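Written as structure tokens, this is what we have:
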């Protein structure tokens, strides 16, 4: 233990020490990884760290705000639902917590294609927080601590690139290569691809998890082994965090998950108060500590609407928005878990703005802080305030306002779509112009909140800061908006920080693998000038990144990296094998022409096939659904004069689709306690080692039947997208050196040089996604890279030749002696 005076002198010499800090520090409890902020990002980060066997300290200024939802009380939504499913597939907690606290489920875009279908749930806000806090308190390796972090302290390190640059033998000569590249044709050039490296599995199986066998790993997954880690370019290395009370917590890594608290203020009309969301304390000092490291900060803004008392609502004038009859779940563990018992459901409601609403807004624009210049932060484009809607869409007669319950134990309702920072008196009048809310009683006024965040272009794909080794960002501090985006980043940051402590390569998901990969790639490649919201349109390969197949895409990766436990892995393998076997069954079962078969096709409006047809080929037809498939499937085992081709071992009493109409899916069930874990009894109830003939419905759960339909009906489109993904991966495998002097590459436009130098892309594919880099610039860079690879290859061959010559010479000298 260092004496306090000596500790003070030591800490004052570190980067990030607050100049006006008047408290004498003391050495407090150390940890492996300190996590600043216990919102959705911090929760996932802490749980991920614990699964890799390390100790995490999770700091929050108020432990009663763990897992808080300061804006809308819901999880999921368009693209956000896909994120939640992906987090769950990787081993995260948000899906199970949401299931345990959900009071209404809806599948958005259910009538559209599977690429854009997204689950959403209305959440009991307080119950979610209680469950999240309970989970953290009972997780080995996680220490919750109520304290405000005012500084991240670090010590300088020497850039390895600077060392490389000083050694002329290893310096990249961009100019000389550019001279040669300028003489080469830009078309038809082929660049040697680097060999794909497989990530090293976690050495310490957490929570009983076992490293999966090769057959169960995700095919085509390309971990980040080829990326240049931030540690090679860092200026500083973190040493620990300092609390406002003077506690110095030494640690190896720090994850910043500060949400909207850094130097935050809430604004209503002409009133600005230094505060975090929900009148919680703001964070002061931490932003200055980060700026002392040379990190670039930006100021963003978001907002929230009023909350009203349900007793003042005339529900008879509102349009009911019921949840889906079928019980959807976020967590794959709850889809086939007989112990899952959902919460009682609550309806949401819909009303609309009126001409009077718009008139009041227009009459008070001079008092609106976002138009008066009072607000400096940049707001979210896709979550506009009511005053912004009225100004931006003057021809729109009315706007939707959703009236949503905040939970089972409160009378508060949330008015989604009425976010505002207008003065309180204006908000009072505004709410009462809405049909059904003429006598509404406001319990909480809406407000805008400004806060500091990092420019995400300073991040590595691992979410580590390039210039500060061991410092990671997750959530809104990285410029994103939303609970789901934050949770996903928290999981990745926690995993990668823990892997860095173990000396392992980080996990970097590709744009072809997950919405999480798209999210992080967008941040580190393109940056963001406003709060970033995930949307399905941002994902080029969204048909392959569906919410229903998130487990098949990512659970093997989560298992490989130590996040998925034995019970969840066994459950996944069971589901995967059942789906595979059912697809094989449908493809192998063929039905030859018969009057009964042709009648089924005629009644469906589909032309009867001339010859035999498999059940899979029949289902692929647009007119054939589960009803028709049930009838066709029944013919497989029915004794008719026309010969039917079926597997030799198919029993005559094989179950069929006969009872599975389009609307006959059984509800899926799951209790709040059981949803946070999978019991051994529930796991034992699952069928095991099912023969192919045993897998046909009704043994297949509803979610697997839906997956069968999607895989067969969209097989052609999925195959086309996989070809596009193969081309995408080709450019992703063309790695760029970390120390390229872009200004010396002739043929690159100045804008491209500047953008490439700022982002430092790790592959030719990433370079092509940078705003300001044209196809012509990419062609020049591709030719330069080919020349560089050739020179590197020639240099290696020359070195090998010299070494062989030296060995021969030495051998001859020894023989002569």
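Numbering (the working numbering), first residue to last: 4 to 820. Yeah, the Cβ is synthetic: ideal placement off N, Cα and C, and Gly gets one too. Keep in mind it's a predicted model, so treat the numbers as computed, not measured.
Relative to the C-alpha of residue i, which residue among the options is closest?
i: residue 255; options: 464, 34, 502, 333; result: 34
i: residue 319; options: 406, 790, 392; result: 406
i: residue 379; options: 714, 341, 267, 785; result: 267
i: residue 262; options: 87, 45, 126; result: 45
i: residue 743; options: 391, 766, 516, 301; result: 766
i: residue 135; options: 49, 115, 55; result: 49
i: residue 311; options: 534, 448, 367; result: 448
i: residue 549; options: 113, 365, 757, 762; result: 113
i: residue 604; options: 367, 399, 636; result: 636
i: residue 334; options: 556, 88, 570; result: 88
i: residue 147; options: 67, 99, 94; result: 67
i: residue 529; options: 516, 461, 568, 469; result: 461
i: residue 279; options: 264, 329, 568, 56; result: 264
i: residue 40; options: 270, 591, 475; result: 475
i: residue 732; options: 797, 585, 584, 514; result: 514
Measure the alpha-carbon distance for residue i versus residue j and round it to whole angstroms.
i: residue 103; j: residue 109; result: 15 Å
i: residue 291; j: residue 21; result: 8 Å
i: residue 313; j: residue 432; result: 17 Å
i: residue 296; j: residue 457; result: 12 Å
i: residue 85; j: residue 9; result: 51 Å
i: residue 781; j: residue 518; result: 25 Å
i: residue 626; j: residue 610; result: 10 Å
i: residue 737; j: residue 522; result: 21 Å
i: residue 381; j: residue 479; result: 13 Å
i: residue 864; j: residue 624; result: Here the chain has residues from 4 to 820 only, and residue 864 is not among them.
i: residue 140; j: residue 59; result: 12 Å
i: residue 509; j: residue 488; result: 19 Å
i: residue 823; j: residue 54; result: Since the first and last residues shown for the chain are 4 and 820, residue 823 lies out of range.
i: residue 269; j: residue 747; result: 47 Å
i: residue 750; j: residue 777; result: 12 Å
i: residue 323; j: residue 111; result: 16 Å
i: residue 116; j: residue 506; result: 43 Å
i: residue 364; j: residue 396; result: 13 Å
Within the present structure, is the beta-carbon of residue i separated from the nearest heavy atom of the ligand ADP by less than 7 Å?
i: residue 459; result: This structure simply doesn't include the ligand ADP, nor any ligand for that matter.
Using a Cβ-Cβ cut-off of 8 Å (strictly less than) and excluding sequence neighbours within five positions of residue i, which residues of its own chain qualify?
i: residue 804; result: none
i: residue 246; result: 31, 62, 150, 151, 152, 153, 252
i: residue 369; result: 375
i: residue 404; result: 353, 354, 355, 356, 418, 419, 420, 421, 437
i: residue 485; result: 83, 536, 537
i: residue 18; result: 156, 157, 158, 159, 239, 295, 296
i: residue 499; result: 465, 466, 467, 475, 509, 510
i: residue 23; result: none
May I ask you to list the residues that DSSP assigns as paired with residue i?
i: residue 286; result: 265
i: residue 86; result: Answer is none; residue 86 lacks a bridge partner.
i: residue 355; result: 403
i: residue 543; result: DSSP, once it has assigned bridges, lists no residue as partnering residue 543.
i: residue 256; result: 36
i: residue 110; result: 122
i: residue 63; result: 149
i: residue 717; result: According to DSSP, which records beta bridges pairwise, residue 717 is partnered with nothing at all.
i: residue 312; result: 415
i: residue 529; result: None; residue 529 has no bridge partner.
Looking only at its own chain, which residues have a Cβ that is under 6 Å from the Cβ of residue i, when we skip the five neighbours before and after it?
i: residue 220; result: Residue confidence is low: residue 220 scores 37 on pLDDT, short of 50, so the model does not pin down where it sits. No coordinate-derived value is stated.
i: residue 128; result: 72, 76, 409, 410
i: residue 551; result: 710
i: residue 554; result: 92, 335, 575
i: residue 664; result: Here residue 664 scores only 29 on pLDDT, less than 50, and its place in the model should not be relied on; the value that follows carries that caveat. Answer for residue 664: 630, listed in chain order.
i: residue 281; result: 73
i: residue 284; result: 64
Assuming residue i contacts residue j (C-beta within less than 8 Å), just tell me the rounded distance between them.
i: residue 471; j: residue 239; result: 5 Å
i: residue 37; j: residue 78; result: With a Cβ gap of about 27 Å, residue 37 and residue 78 do not count as contacting.
i: residue 243; j: residue 156; result: 6 Å
i: residue 464; j: residue 531; result: With a Cβ gap of about 15 Å, residue 464 and residue 531 do not count as contacting.
i: residue 145; j: residue 309; result: Not really, about 36 Å apart at Cβ, beyond 8 Å.
i: residue 616; j: residue 593; result: 7 Å
i: residue 784; j: residue 477; result: Wrong, their Cβ atoms sit about 31 Å apart, outside the cutoff.
Please work out which residues of its chain come closer than 7 Å, Cβ to Cβ, to residue i, disregarding the five sequence neighbours upstream and downstream, and give them in chain order.
i: residue 546; result: 118, 717, 720, 721, 724
i: residue 367; result: 425, 429
i: residue 338; result: 332, 671, 704, 706
i: residue 770; result: 739, 759, 764, 776, 781, 784
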